[in-house]
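Student: Mapping of the sequence shown onto full-length UniProt numbering: residues 1 to 785, in sequence order.
First the structure, which I've put down as structure tokens, then a few questions once you've had a look.
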Amino acid sequence: MSQSQHSSVPYGPIVSADDHEMREVSSRTATPLPAGAYLPPNPHSTSYLTPYHDNPSNAEFGAPNPAFLGEAGTRSSYGQASTARSSAYGSIAPLHDHRGSAYVDEPSGWSAAPKRSIDLRDKQELYEAPRRKSKKKIVFWALTALALAIIAAAVVIPVYIFVIKKKDNSGGGSGSNSGHSNTGHGGNNNNNNNNNQDTTVTWGGDGSIVTKEDGSTFRYNNTHGGYWVFDPKNPLNNSARAQSTTPSLAEPWKWGEDQIFGVNLGGWFTLEPFISPALYEPFYPNAVDEWTLSTLLQQRDGNLNVIEEHYKTFIVEEDFAMIAAAGLNWVRIPLPFWAIETYPGEPFLARTCWTYFLKAIEWARKYGIRINLDLHAVPGSQNGWNHSGKMGQVNFLNGVMGLANAQRTLDYIRILAEFISQPEYANIIQYFGIINEPGSGTGNYPKSAIESFYAEAYKIIRGIGGNGNGNGPVISIHEAFYGLGGWTDFLPGADRLALDQHTYLVFGPLINQPPAAFPAIACTQWSAATAASMSAFGQTGAGEWSLAINDCGLYLNTVGGGTRYEGTFDGQPRIGSCAPWQDYATWDQSIKDALRNLALASMDSLQDSFFWTWRIGESRASGKVETPFWSYKLAVQEGWAPANPRDSRGYCASIGAPANTFSGAYTPAQVGGPGAGTAVQGLDSYPWPPTAIGGYPSVAGLPTYTATGALSTLPVPTFASATASVGDGWTNNADTTPMAVPVAGCTYPDPWNALTAAIPACGVFAKRDGDAPAPTAAPKHVSTH
Numbered sequence: 001m002s003q004s005q006h007s008s009v010p011y012g013p014i015v016s017a018d019d020h021e022m023r024e025v026s027s028r029t030a031t032p033l034p035a036g037a038y039l040p041p042n043p044h045s046t047s048y049l050t051p052y053h054d055n056p057s058n059a060e061f062g063a064p065n066p067a068f069l070g071e072a073g074t075r076s077s078y079g080q081a082s083t084a085r086s087s088a089y090g091s092i093a094p095l096h097d098h099r100g101s102a103y104v105d106e107p108s109g110w111s112a113a114p115k116r117s118i119d120l121r122d123k124q125e126l127y128e129a130p131r132r133k134s135k136k137k138i139v140f141w142a143l144t145a146l147a148l149a150i151i152a153a154a155v156v157i158p159v160y161i162f163v164i165k166k167k168d169n170s171g172g173g174s175g176s177n178s179g180h181s182n183t184g185h186g187g188n189n190n191n192n193n194n195n196n197q198d199t200t201v202t203w204g205g206d207g208s209i210v211t212k213e214d215g216s217t218f219r220y221n222n223t224h225g226g227y228w229v230f231d232p233k234n235p236l237n238n239s240a241r242a243q244s245t246t247p248s249l250a251e252p253w254k255w256g257e258d259q260i261f262g263v264n265l266g267g268w269f270t271l272e273p274f275i276s277p278a279l280y281e282p283f284y285p286n287a288v289d290e291w292t293l294s295t296l297l298q299q300r301d302g303n304l305n306v307i308e309e310h311y312k313t314f315i316v317e318e319d320f321a322m323i324a325a326a327g328l329n330w331v332r333i334p335l336p337f338w339a340i341e342t343y344p345g346e347p348f349l350a351r352t353c354w355t356y357f358l359k360a361i362e363w364a365r366k367y368g369i370r371i372n373l374d375l376h377a378v379p380g381s382q383n384g385w386n387h388s389g390k391m392g393q394v395n396f397l398n399g400v401m402g403l404a405n406a407q408r409t410l411d412y413i414r415i416l417a418e419f420i421s422q423p424e425y426a427n428i429i430q431y432f433g434i435i436n437e438p439g440s441g442t443g444n445y446p447k448s449a450i451e452s453f454y455a456e457a458y459k460i461i462r463g464i465g466g467n468g469n470g471n472g473p474v475i476s477i478h479e480a481f482y483g484l485g486g487w488t489d490f491l492p493g494a495d496r497l498a499l500d501q502h503t504y505l506v507f508g509p510l511i512n513q514p515p516a517a518f519p520a521i522a523c524t525q526w527s528a529a530t531a532a533s534m535s536a537f538g539q540t541g542a543g544e545w546s547l548a549i550n551d552c553g554l555y556l557n558t559v560g561g562g563t564r565y566e567g568t569f570d571g572q573p574r575i576g577s578c579a580p581w582q583d584y585a586t587w588d589q590s591i592k593d594a595l596r597n598l599a600l601a602s603m604d605s606l607q608d609s610f611f612w613t614w615r616i617g618e619s620r621a622s623g624k625v626e627t628p629f630w631s632y633k634l635a636v637q638e639g640w641a642p643a644n645p646r647d648s649r650g651y652c653a654s655i656g657a658p659a660n661t662f663s664g665a666y667t668p669a670q671v672g673g674p675g676a677g678t679a680v681q682g683l684d685s686y687p688w689p690p691t692a693i694g695g696y697p698s699v700a701g702l703p704t705y706t707a708t709g710a711l712s713t714l715p716v717p718t719f720a721s722a723t724a725s726v727g728d729g730w731t732n733n734a735d736t737t738p739m740a741v742p743v744a745g746c747t748y749p750d751p752w753n754a755l756t757a758a759i760p761a762c763g764v765f766a767k768r769d770g771d772a773p774a775p776t777a778a779p780k781h782v783s784t785h
């Protein structure tokens with residue numbers, strides 16, 4: 001195995017076009033934030049839990065148009081990345097709302113007097129009529145000032161003794177002794193004994209100004225007590241907190257106590273027609289998935305620069321700030337296998353979106369948001385749907401190349417697990433969905449095959465990081481369309497194994513009811529089943545749900561495929577016209593209220609959940625979002641998202657509907673406690689390879705790959721002004737098993753079109769060389785690229 005230096009990704013500045021004037025940040029300074037420190041919320045008011053306005057516009061987050069320099073590099077194998085150019089075909093137009101009702105910049109106090117902005121206080125005082133001073137008021141304010149001084153001393157002195165002084169004495173850096181600003185305006189790190197003061201603002205709460213890499217700014221609006229943290233000299237600082245009710249990234253997440261209010265960043269790295277219609281519309285009706293889109297773009301342009309432009313612009317830093325401001329605390333990020341590599345004949349843009357996933361990690365860290373990494377598309381397609389990369393055949397665990405494609409997938413799971421288990425990223429990426437919606441229960445491959453695959457993936461991941469909380473991520477497995485109850489007895493005693501369900505109301509026979517009826521329907525559909533699974537299996541979440549009450553929306557089912565609602569898809573009778581449901585500008589308040597209540601019902605019944613999805617791009621033809629039920633960002637801007645997702649707690653019971661009655665008590669193994677993973681029942685009863693896959697009751701003689709390939713390590717970021725360790729992409733240096741690659745000289749069938757292919761006379765399955773050894777402190781593994 002050849003060796004070379006691992007890759008890293010340098011970042012250039014983000015280019016941003018701000019279309020509004022930003023107010024100046026406060027000049028007050030703050031003491032430095034040590035790694036893991038807790039920063040209290042904005043002290044302007046203790047009412048930071050007051051929800052913001054129901055109909056915020058978030059216009060002040062601006063219209064970013066970022067650009068990155070550099071691209072991720074992995075081992076030179078099969079794909080070739082492209083450089084970026086500006087393109088009209090990128091899905092880049094952000095949502096705007098230029099109405100006057102923006103996010104409230106600060107929480108209201110106790111007074112019933114009209115609110116006024118802190119930033120406008122000086123101007124308002126200039127024009128207010130003079131007031132007569134009374135002796136009583138003078139005495140009152142004197143006593144108040146004395147009390148505040150005592151309180152300030154009680155806070156500042158311990159901070160000085162236990163944080164600043166301790167840090168100074170240890171030589172860990174310099175801090176400011178001149179004052180501490182804990183306001184929402186942010187703070188920086190100063191040393192008055194140094195004439196070269198560092199005035200970089202490194203944290204801030206509601207109303208603070210965020211300066212991005214290129215020097216452009218935007219205002220951070222978060223009335224939930226959240227604050228951002230980013231210190232260029234310490235870019236791995238985990239002190240940020242999305243909301244006051246969410247643990248900071250430096251604090252443990254308590255499963256069964258803390259609740260995931262999450263959202264997907266769907267369509268960012270795995271391109272779906274209904275999420276990014278502007279990419280697909282120029283090729284209508286021939287571009288139906290990323291495979292055909294990439295092929296047609298390559299034919300037209302000779303490159304895939306349009307796709308990289310989409311990576312740069314579809315989700316940007318402001319989106320992460322807005323997600324925290326909306327009261328959400330997790331993101332689920334779908335990632336395709338071609339983030340790592342492609343094989344010959346696969347048209348995807350290889351080894352490129354990883355660069356932008358690294359930016360997602362940086363932004364999540366900055367705004368206190370945790371990540372659920374989801375492997376969304378795997379070789380051969382796990383379900384034959386467009387989000388798997390290619391519509392049509394299922395060649396994962398199915399057909400002649402089903403085993404070989406599963407081998408590749410296990411290697412990619414291993415590579416991702418090696419990266420996210422590193423201590424530099426483990427606090428951010430705490431959840432790993434190992435494969436999205438495998439189509440076993442839909443008749444493509446037997447349940448025993450996906451069970452064996454899950455068990456093998458579990459062994460690989462836990463072999464990398466070890467057992468117990470903090471050692472690798474929660475491992476999430478999809479219920480594979482068998483229902484939650486089909487997994488009750490799967491691997492009891494496993495360490496942090498979670499079950500994933502995707503709950504939609506519109507991909508079967510439609511429910512012909514008025515919008516106001518749907519909240520109770522959601523409670524009835526999901527509360528009891530989810531609670532039962534949480535009690536019987538353990539951690540159970542919903543990786544996807546939406547506010548769709550019908551299947552209206554541009555390209556939602558397929559490109560040009562019609563809708564059930566209009567009777568043009570799946571042979572269902574017509575209910576009505578989709579026109580009003582695709583034009584959210586016509587929705588009255590009763591519809592918005594019903595959708596908001598549906599969101600509350602879904603969050604309450606599902607508990608830990610992720611809305612699908614954060615952003616829907618605009619149609620090239622209309623310039624509008626034409627699938628509005630599916631965009632949480634649009635729901636926030638237009639006023640049908642909950643003001644505070646935590647208002648969902650107890651909602652189902654409050655409307656007399658079935659409620660999720662789970663007590664929140666998981667077993668120690670289910671949350672990585674003592675003994676987790678040391679006695680996993682039935683783990684050895686799921687052999688790898690499985691005894692049968694789709695189309696073949698015996699796997700004997702099916703073609704496979706051989707474990708002789710050079711290992712591939714995912715690159716890590718670099719930060720120009722920091723010297724902190726960022727890892728090298730590989731957690732367990734004792735894990736040296738080569739990657740599975742084609743046998744030299746063997747001619748394999750097309751791995752994406754092999755259901756009825758002839759079986760080649762080469763490539764007999766060989767088991768991996770044992771499970772990955774336990775973690776060791778030996779020198780880090782280095783890969784080739």
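Heads up, the beta-carbon is just placed ideally off N, CA and C, and yes, glycines get one too.
Counting Cβ pairs, one atom from each stretch, are 3 or more of them under 8 Å apart for the stretch 362 to 381 and the stretch 431 to 446?
Tutor: Yes, the stretch 362 to 381 is in contact with the stretch 431 to 446.
Student: Taking Cβ positions, are residue 242 and residue 369 nearer each other than 8 Å?
Tutor: On the sequence shown, position 242 is the one that residue 242 refers to. On the sequence shown, position 369 is the one that residue 369 refers to. Going by C-beta atoms, residue 242 is nearer than 8 Å to residue 369.
Student: Counting along the chain, where does the alpha helix (DSSP H) carrying residue 516 start and finish?
Tutor: As a first step, residue 516 must be located in the sequence shown, where it is residue number 516. Note, residue 516: premise wrong, no alpha helix (DSSP H); not H, not E.
Student: On a CA-only basis, which of 389, 462 and 319 is nearest residue 338? Give me that one, please.
Tutor: Residue 338 sits at position 338 when you count from the first residue of the sequence shown. For residue 338, the nearest C-alpha among the options comes from 389.
Student: Please list, in chain order, all residues of the same chain as residue 605 whose beta carbon is under 7 Å from its beta carbon, the five residues on each side excluded.
Tutor: Taking the first residue of the sequence shown as position 1, residue 605 is located at position 605. Only 522, 523, 526, 527, 530, 652 and 660 meet the Cβ criterion.
Student: Hey, quick one: how far does the beta strand (DSSP E) through residue 208 stretch, first residue to last?
Tutor: Start at 1 with the first residue of the sequence shown, and residue 208 comes out as number 208. Here the beta strand (DSSP E) through residue 208 covers 208 to 211.
Student: Excluding the 5 residues flanking residue 781 on each side, which residues of the same chain have their C-beta closer than 6 Å to its C-beta?
Tutor: Position 781 of the sequence shown, counting from 1, holds the residue named residue 781. Confidence in residue 781 is poor, its pLDDT being 41 and thus under 50, which makes the residue's placement too unreliable to answer from.
Student: Can you tell me whether DSSP reads residue 434 as helix, strand or coil?
Tutor: The residue given as residue 434 occupies position 434 in the sequence shown. Note: residue 434 maps to coil in three-state DSSP.
Student: Could you give the residue range of the beta strand (DSSP E) that holds residue 596?
Tutor: The count along the sequence shown starts at 1 and reaches residue 596 at position 596. Residue 596 -> not in any beta strand (DSSP E); alpha helix (DSSP H) instead, spanning 589 to 606.
Student: Starting from residue 310, follow the alpha helix (DSSP H) in both directions and report where the run begins and ends.
Tutor: Numbered from 1 along the sequence shown, position 310 holds the residue referred to as residue 310. From DSSP, the alpha helix (DSSP H) with residue 310 extends over 305 to 313.
Student: What is the DSSP secondary structure of residue 425, counted as helix, strand or coil?
Tutor: As a position in the sequence shown, residue 425 is number 425, starting the count at 1. Helix.
Student: Cβ of residue 478 within 8 Å of Cβ of residue 438?
Tutor: Residue mapping note: residue 478 aligns to position 478 of the sequence shown, counting from 1. Residue mapping note: residue 438 aligns to position 438 of the sequence shown, counting from 1. Yes.
Student: Between which two residues does the beta strand (DSSP E) holding residue 474 run?
Tutor: As a first step, residue 474 must be located in the sequence shown, where it is residue number 474. Its beta strand (DSSP E) spans residues 474 to 478.
Student: How about residue 725 and residue 424: are their beta carbons less than 8 Å apart?
Tutor: Here the question's residue 725 lines up with position 725 in the sequence shown. Here the question's residue 424 lines up with position 424 in the sequence shown. In contact: residue 725 and residue 424 (Cβ atoms closer than 8 Å).
Student: So, does the stretch 202 to 219 touch the stretch 687 to 695, judging by three or more C-beta pairs under 8 Å?
Tutor: Taking 8 Å as the limit for Cβ pairs, the verdict is that the stretch 687 to 695 does not touch the stretch 202 to 219.
Student: Secondary structure at residue 405, three-state DSSP: helix, strand or coil?
Tutor: Looking up residue 405 in the sequence shown gives position 405. In the structure shown, residue 405 sits in a helix (DSSP, three-state: H, G or I).
Student: CA-CA distance, residue 615 and residue 360?
Tutor: Along the sequence shown, read from residue 1 onward, the residue named residue 615 stands at position 615. Along the sequence shown, read from residue 1 onward, the residue named residue 360 stands at position 360. Taking the straight line joining both Cα atoms gives about 15 Å.
Student: Tell me, which residues are paired with residue 739 by DSSP?
Tutor: Numbered from its first residue, the sequence shown carries residue 739 at position 739. Partner(s): 709.
Student: Can you name the residues that DSSP bridges to residue 382?
Tutor: By one-based count along the sequence shown, residue 382 stands at place 382. In DSSP, residue 382 forms no bridge with anything.
Student: From the DSSP output, which residues share a beta bridge with residue 502?
Tutor: Start at 1 with the first residue of the sequence shown, and residue 502 comes out as number 502. DSSP output for residue 502 lists 544 as bridge partner(s).
Student: Three or more C-beta pairs closer than 8 Å, one from the stretch 663 to 672 and one from the stretch 282 to 295: is that the case here?
Tutor: With the cut-off at 8 Å, the stretch 663 to 672 and the stretch 282 to 295 do not touch.
Student: Could you compute how far the alpha carbon of residue 278 sits from the alpha carbon of residue 756?
Tutor: Your numbering for residue 278 matches position 278 in the sequence shown. Your numbering for residue 756 matches position 756 in the sequence shown. Rounded to the nearest angstrom, the two C-alpha atoms are 36 Å apart.
Student: Note down, in chain order, each residue of its chain lying with its Cβ closer than 6 Å to the Cβ of residue 260, except the 5 sequence neighbours on either side.
Tutor: Residue mapping note: residue 260 aligns to position 260 of the sequence shown, counting from 1. The residues are 330 and 608.
Student: Where DSSP assigns a beta bridge to residue 620, which residues make up the other side?
Tutor: Translated into the one-based positions of the sequence shown, residue 620 becomes position 620. Per DSSP, none; premise fails for residue 620.
Student: Which of helix, strand or coil does DSSP assign to residue 569?
Tutor: On the sequence shown, residue 569 is found 569 positions in, with the first residue counted as 1. Three-state result, residue 569: coil.
Student: Could you spell out where the alpha helix (DSSP H) holding residue 510 opens and where it closes?
Tutor: Counting from 1 along the sequence shown, the entry for residue 510 is found at position 510. Looking at the DSSP string, residue 510 is not in any alpha helix (DSSP H), and its letter there is neither H nor E.
Student: Can you give me the start and stop residues for the alpha helix (DSSP H) that residue 457 sits inside?
Tutor: In the sequence shown, residue 457 corresponds to position 457, counting from 1. Per DSSP, residue 457 belongs to the alpha helix (DSSP H) from 447 to 465.
Student: With C-beta atoms as the reference, is residue 427 less than 8 Å away from residue 676?
Tutor: In the sequence shown, counting from the first residue as 1, residue 427 sits at position 427. In the sequence shown, counting from the first residue as 1, residue 676 sits at position 676. Contact flag unset, no.
Student: Which stretch, first to last residue, makes up the beta strand (DSSP E) that contains residue 263?
Tutor: Taking the first residue of the sequence shown as position 1, residue 263 is located at position 263. Residue 263 -> beta strand (DSSP E) spans 261 to 264.
Student: Would you report the Cα separation of residue 705 and residue 460, rounded to the nearest angstrom?
Tutor: As a working note, residue 705 is residue 705 in the sequence shown. As a working note, residue 460 is residue 460 in the sequence shown. Cα-Cα distance, rounded: 18 Å.
Student: With 16 as the cutoff for other CB atoms within 10 Å, does residue 254 come out buried or exposed?
Tutor: Stepping through the sequence shown from its first residue, residue 254 is reached at position 254. It counts as exposed.
Student: Secondary structure at residue 693, three-state DSSP: helix, strand or coil?
Tutor: Taking the first residue of the sequence shown as position 1, residue 693 is located at position 693. Residue 693: strand per DSSP, three-state reduction.
Student: Measuring CB atoms only, is the stretch 285 to 299 touching the stretch 394 to 410, in the sense that at least three cross pairs come out at less than 8 Å?
Tutor: With a cut-off of 8 Å, the stretch 394 to 410 and the stretch 285 to 299 do not count as touching, because too few Cβ pairs lie within range.
Student: Nearest-angstrom Cα distance between residue 805 and residue 311?
Tutor: Within the shown structure, residues of the chain are numbered from 1 to 785, placing residue 805 beyond reach of any answer.
Student: For the alpha helix (DSSP H) that residue 349 lies in, which residues bound it at each end?
Tutor: Position 349 of the sequence shown, counting from 1, holds the residue named residue 349. From DSSP, residue 349 is part of no alpha helix (DSSP H); its letter is neither H nor E.
Student: Helix, strand or coil: which one does DSSP assign to residue 615?
Tutor: In the sequence shown, counting from the first residue as 1, residue 615 sits at position 615. It is coil, neither helix nor strand.
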